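Only one structure is covered here, and it is reproduced in the block below.
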Amino acid sequence: MVRDVSFGQYFPGNSIIHKLDPRGKILMFIAYIVIIFCAFNYASLAITTAFIAFVLILTKIPFKFYLKSLKVIIFIVIFTSVLNLFYGAGEPLWQWWILKITWDGINRAVFVSVRITCLIIASSCLTFTTSPTELTDAIERLMKPLKAIHFPVHEVAMMMSLALRFIPTLLEETDKIMSAQKARGANTDSGNIIKRVKALVPILIPLFVSAFRRAYDIAMAMECRCYRGGAGRTRMKSIHMGARDTVSFIATALVIAGVIVCNIMIPAVV
Amino acid sequence: MSCILELKNLGFTYGKDTPFEKRAVNNVNLKINKGEFIGIIGHTGSGKSTLVQMLNGLIRPTDGQVLLDGRNIWEEPKKIRNVRFRVGMVFQYPEYQLFEETVYRDIAFGAVNKGLTGDELDKAVRKAAEFAGVKESHLEKSPFDLSGGEKRRAAIAGVIAMDPDVLVLDEPTAGLDPMGREILLSQIVNYHKMRGNTVILVSHTMEDIARVADKIIVMNKSELVAFEETKSVFARGDMLSKIGLQVPQITNIMQDLKQKGFDVPDGVLTVDEALSVLTPMLKKEGA
């Protein structure tokens, strides 16, 4: 099934993390990504990992969904850590032909895999707890200053929310078309690579056709409801910062401070 | 008559062993004979679609078996494609599956997959087009230039071209105008008569089912409620209305007349039939 992908999905809920202001969540997410890549020793890496683990628990979303989202990138994690493992400098601990493992390589491998894992968990924490509409709303608000340089902020945000809205619809459509072509004997899961790519044509063409049809329909429906761009448009749900947002900012600030202090006090390992 | 499809304790659960587990079809047992015209009725979400998708192996049952000519279709999962050629399936709104450059090539898609070539292929395509009412002049057009109803005919022809022993149609008349439904339905009936194979029709329109089906499968809340002759199913109007389905309007009227004391037979299914019963009665009354 195509639908078995949980990365980027939204799980409605009532946790503290769900209730946070989406703008704050996006800003903290960006700050967090920067800080993971600024963690240069094990103490600061531990702080960032502990922080995201704490957030993960607060979201109250079953752990297995996070595991599922990690499944998508597990190959990249293994690949990059193996590469890093053999590319370290210094005294070799073990050597065979041109392959050598050093303490430096081990450190690099650990850092790379922990960083990518934290990155994915953090983005899952964001998308699992924030609905697509909230996300695009927040992005629109955050990008507002760009209007000064004539960047079409509202249009971009609207395009994003429409695109997000159509992901489940198109997945469902793909499923249907695949069944219909399979019923006519289409062979999608055997044969060599060229055959498999060719087998995609009967699925992709109807999918594109229906995507265009839906795009026309939605444009028409929006026009019927007098949509005319962002000028003068008000919101049904306006977002406000509250006490819990302040607390979350302070927590993030503390983590950043902790990482910086650790970086200064303890020598870097990578 | 020999049995072509047999369902044994057939069941299917969506999302087994997850919190989203849902039983879609529960313990269905029935036998369909060669050459029968079967109607399937039931509410949205009653398990009709899941049931028919198990007949050609698009969905693998979680319990029980589907026997085609006495053999379990999942005996050799690698050869499931052969089952799909023998049990043709037309989905709801099949016009959205068209993709080829010409209508001709789209109709040929299934037949080519089956392994037909040359004259045999050409014959299969032209015959299927004729059965489904696709005009000769449309064959070389792009399928995307046809009207909605014409697209649907082309899509149905694409399944017929595989020459299946069992043809399953899921709501083939949905979204067509009354004239279009009428024509399509009589074409299906005609196809069934000429080829003499088994046809299974899923529909929400009781009038359609009453007109064409020999036997009816009634599904309700994942369970098989009835599998009987059309007349005896529609004679049980109260059973149907209990699960929120209706009998054809004309059957209803005839039942009301009977309750009012008129001497009319049970199980009148079509307007024509009612006409032939009522006209002599009216004449007698007038005399």
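Sequence order for the protein chains is A and B. Sequential numbering of the first sequence, starting at 1, is according to my numbering. Sequential numbering of the second sequence, starting at 1001, is according to my numbering. Where a beta carbon is used, it is the ideal one built from N, C-alpha and C, also for glycine. Given the structure is predicted, the values throughout are model-derived calculations rather than measurements.
Classification of residue i by the beta-carbon crowding that lies within 10 angstroms, buried from 16 upward
i: A219 of chain A; result: exposed
i: A243 of chain A; result: exposed
i: D1069 of chain B; result: exposed
i: M236 of chain A; result: exposed
i: E140 of chain A; result: buried
i: D1106 of chain B; result: buried
i: N1220 of chain B; result: buried
i: F1060 of chain B; result: Phe is not the amino acid found at residue 1060 of chain B; the sequence shown has Arg there. The residue in question, R1060 of chain B, is exposed, as its Cβ has fewer than 16 Cβ neighbours within 10 Å.
i: A53 of chain A; result: exposed
i: Q1259 of chain B; result: exposed
i: K1215 of chain B; result: buried
i: P92 of chain A; result: exposed
i: M1254 of chain B; result: buried
i: Q1097 of chain B; result: buried
i: I256 of chain A; result: buried
i: G258 of chain A; result: buried
Reference residue i, options the options, closest by Cα
i: V1025 of chain B; options: B:G1042, B:I1038, B:I1032, B:E1036; result: B:G1042
i: V247 of chain A; options: A:G24, A:N14, A:E223, A:K198; result: A:G24
i: E1229 of chain B; options: B:D1017, B:V1159, B:I1038; result: B:I1038
i: R1195 of chain B; options: B:T1044, B:F1020, B:P1178, B:A1128; result: B:A1128
i: L1169 of chain B; options: B:P1178, B:A1132, B:L1278, B:Q1255; result: B:A1132
i: V1087 of chain B; options: B:P1280, B:T1062, B:V1052; result: B:V1052
i: H18 of chain A; options: A:E134, A:C38, A:W96, A:I30; result: A:E134
i: F249 of chain A; options: A:A43, A:F51, A:I78, A:A231; result: A:F51
i: N107 of chain A; options: A:F166, A:A43, A:V156, A:P168; result: A:A43
i: P132 of chain A; options: A:E155, A:F151, A:M160; result: A:M160
i: W96 of chain A; options: A:Y216, A:F86, A:C226, A:G90; result: A:F86
i: Y10 of chain A; options: A:F111, A:I47, A:T130, A:L207; result: A:T130
i: V1083 of chain B; options: B:R1071, B:I1200, B:A1108, B:D1119; result: B:R1071
i: F208 of chain A; options: B:K1079, B:F1099, B:E1136; result: B:F1099
i: I1080 of chain B; options: B:E1101, B:L1055, B:Q1097, B:G1064; result: B:L1055
i: K1193 of chain B; options: B:L1007, B:F1020, B:K1034, B:S1002; result: B:K1034
i: A215 of chain A; options: A:K71, A:V255, A:L170, A:D104; result: A:L170
i: I116 of chain A; options: A:I74, A:V269, A:D245, A:E173; result: A:I74
Own chain residues within Cβ distance below 7 Å of residue i, not counting five before or after
i: V114 of chain A; result: L45, T49
i: S6 of chain A; result: Confidence in S6 of chain A is poor, its pLDDT being 49 and thus under 50, which makes the residue's placement too unreliable to answer from.
i: P152 of chain A; result: none
Beta-carbon contacts of residue i that lie in its chain and below 6 Å, excluding the five residues immediately before and after
i: I1040 of chain B; result: K1048, V1202, I1217
i: Y1014 of chain B; result: K1022, A1024
i: I1073 of chain B; result: G1057, V1066, V1083
i: N1197 of chain B; result: D1165
i: V1134 of chain B; result: R1153, A1154, A1157
Bounding residues of the beta strand (DSSP E) (the contiguous stretch that carries residue i)
i: I1217 of chain B; result: 1215–1220
i: E1228 of chain B; result: 1223–1229
i: Q95 of chain A; result: 92–96
i: T1270 of chain B; result: Element bounds for T1270 of chain B: n/a, residue is neither H nor E.
Unbroken alpha helix (DSSP H) run spanning residue i, endpoints
i: L99 of chain A; result: That residue, L99 of chain A, is in no alpha helix (DSSP H); its beta strand (DSSP E) goes 99–102.
i: Q1259 of chain B; result: 1249–1259
i: L58 of chain A; result: 42–59
i: L254 of chain A; result: 243–265
i: T136 of chain A; result: 132–142
i: I1209 of chain B; result: 1206–1212
Sequence-distant residues of the same chain with beta carbon closer than 8 Å to residue i, five excluded per side
i: I33 of chain A; result: L119, A122
i: T1062 of chain B; result: G1011, F1012, T1013, K1016
i: L239 of chain A; result: The sequence as given places Ile at residue 239 of chain A; Leu does not occur at that position. Hits under 8 Å: D21, P22, R23, E134, D137, A138, R141.
i: I101 of chain A; result: L85, F86, G88, P92, L93, W94, Q95
i: N1252 of chain B; result: G1237, Q1246
i: A199 of chain A; result: A186, N187, T188, G191
In the segment 1104–1185 of chain B, which residue ranges form an unbroken alpha helix (DSSP H) of at least 4 residues, counting only runs that do not cross its ends? Those alpha helix (DSSP H) runs which fall completely within the segment 1104–1185 of chain B and span 4+ residues are 1118–1132, 1148–1160.
Quick check for students: name the residue ranges of the beta strand (DSSP E) that lie wholly in the segment 1005–1091 of chain B, counting only runs of 3 or more. Counting only runs of 3+ residues, the beta strand (DSSP E) found wholly inside the segment 1005–1091 of chain B occupies 1022–1033, 1037–1042, 1063–1068, 1087–1090, in chain order.
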